[in-house]
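Note that the sequence shown covers residues 0 to 85 in numbering that gives the first Met the number 0.
Here is the structure we will look at.
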Amino acid sequence: MKAGKLIEQAKLQVSELTGLTPETVSSLTRDGDAEWVVRVEALELSRVPNTMDLLGTYEVRLSDDGELVGFRRTRRYHRSSTEDEG
Numbered sequence: 000m001k002a003g004k005l006i007e008q009a010k011l012q013v014s015e016l017t018g019l020t021p022e023t024v025s026s027l028t029r030d031g032d033a034e035w036v037v038r039v040e041a042l043e044l045s046r047v048p049n050t051m052d053l054l055g056t057y058e059v060r061l062s063d064d065g066e067l068v069g070f071r072r073t074r075r076y077h078r079s080s081t082e083d084e085g
């Protein structure tokens, strides 16, 4: 499956599993020969000012044909955060 389709599938999975609207994709990597790992950022809680919004990073693991293999939230942070996840 092409990268664009994998990203679309990952965003769809985040939306369906959490009810949240994905904002962006921060990475797409291959984990060995078996899985694709897509990290999707989604708005979890809107606040005023929006720099205090809470975002979550979701790791979606997909097979070569786009089937869901794994799913988890790996990070929760304020939109204004400048710290990298290390």
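Glycine included, C-beta positions come from ideal geometry on N, C-alpha and C.
Around the C-beta of residue i, are 16 or more other C-beta atoms found within 10 angstroms, so that it is buried, or is it exposed?
{"i": "glycine 69", "result": "exposed"}
{"i": "valine 13", "result": "buried"}
{"i": "glycine 85", "result": "For glycine 85, the predicted model reports a pLDDT of 48, less than 50, meaning its position is unreliable; a value from the coordinates is still stated below. Flag for glycine 85 reads exposed."}
{"i": "proline 21", "result": "buried"}
{"i": "valine 59", "result": "buried"}
{"i": "glutamate 15", "result": "exposed"}
{"i": "lysine 1", "result": "exposed"}
{"i": "glutamate 40", "result": "buried"}
Using C-beta distances below 8 Å, list every residue in its chain close to residue i, excluding the 5 sequence neighbours before and after it, in chain order.
{"i": "serine 26", "result": "Val36, Val37 and Arg38"}
Provide the residue(s) that pair with residue i in DSSP beta bridges, ordered along the chain.
{"i": "aspartate 30", "result": "Glu34"}
{"i": "proline 21", "result": "Ala41"}
{"i": "arginine 75", "result": "Gly55"}
{"i": "arginine 60", "result": "Val36 and Gly69"}
Using a Cβ-Cβ cutoff of less than 7 Å, which residues in the same chain neighbour residue i once the five nearest sequence positions on both sides are dropped?
{"i": "glutamine 8", "result": "Leu61 and Gly65"}
{"i": "tyrosine 76", "result": "Leu54"}
Within a Cβ cutoff of 6 Å, which residues of the same chain sit near residue i, ignoring the five residues on either side of it in sequence?
{"i": "leucine 67", "result": "Gln12"}
{"i": "aspartate 30", "result": "Val36"}
So, under 8 Å CB-CB, residue i and residue j are touching, yes? Tell me the CB distance rounded to an integer number of Å.
{"i": "leucine 42", "j": "leucine 19", "result": "6 Å"}
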